[in-house]
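Quick note on the numbering used here: the sequence shown kicks off at 993 and runs consecutively.
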Amino acid sequence: MYYVANILVIEDDEMIRQLLLRRLGRAGYQVQAASDGTTGVALALGGTADLILLDLRLPDMTGYEVAQRIRRDAKRKVPIIAVSASCTETDRDHAIECGCNAFHPKPMDWGKLLEQIEKYLKG
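Below is the structure:
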């Protein structure tokens, strides 16, 4: 049996969200998306995501808050990769403290992002 990993993208920028959906789909993943934190948390808690790509600047709450809610309420621990244009050391450290497993800066290096995704999906 062939298993396809499911990735949840939580990203408010329509262009970036659509780019991620297309590229991840072409890479063979099933992808679902949310454009705000509230919807993202609901999908993460009620869905089947194997990995989450999380923007840190969302319209209704920060990505830090999203990560904290997912970590607090999820029945299983899903890897979260923070993806943000805010890429200071403080931003990276805070993302990890809030429950993200890794950090990837924008603009994204597609090859490196895929490597991170594969690393966390393979455990």
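Glycine included, each C-beta is placed from N, C-alpha and C at the ideal position.
Rounded distance between the beta-carbons of residue j and residue i, thought under 8 Å
i: alanine 1066; j: leucine 1037; result: 6 Å
i: leucine 1035; j: glutamine 1024; result: 6 Å
i: serine 1076; j: aspartate 1083; result: 6 Å
Of the residues the options, the one placed nearest residue i, counting alpha carbons only
i: alanine 1074; options: Arg1064, Glu1057 and Arg1068; result: Glu1057
i: glycine 1115; options: Leu1046, Ile1072, Leu1013 and Asp1005; result: Ile1072
i: lysine 1111; options: Asp1101, Gly1039, Asp1005 and Asn1093; result: Asn1093
i: arginine 1061; options: Val1033, Thr1080, Pro1099 and Ser1076; result: Val1033
i: serine 1078; options: Glu1089, His1096 and Arg1063; result: His1096
i: arginine 1063; options: Arg1014, Ala1087, Thr1080 and Gln1010; result: Ala1087
i: glycine 1039; options: Gln1108, Met1053 and Val1070; result: Val1070
For residue i, the residue or residues it bridges with in DSSP
i: aspartate 1047; result: Val1075
i: asparagine 998; result: Gln1022
i: proline 1097; result: Ser1076
i: threonine 1054; result: Arg1049
Beta-carbon proximity check, residue i vs residue j, cutoff 8 Å
i: leucine 1050; j: glycine 1029; result: yes
i: leucine 1106; j: alanine 1019; result: yes
i: leucine 1045; j: glycine 1055; result: no
i: glutamate 1003; j: leucine 1012; result: yes
i: glycine 1103; j: alanine 1059; result: no
Assigned exposure category for residue i - 16 Cβ within 10 Å defines buried
i: arginine 1068; result: exposed
i: aspartate 1042; result: buried
i: glutamine 1010; result: exposed
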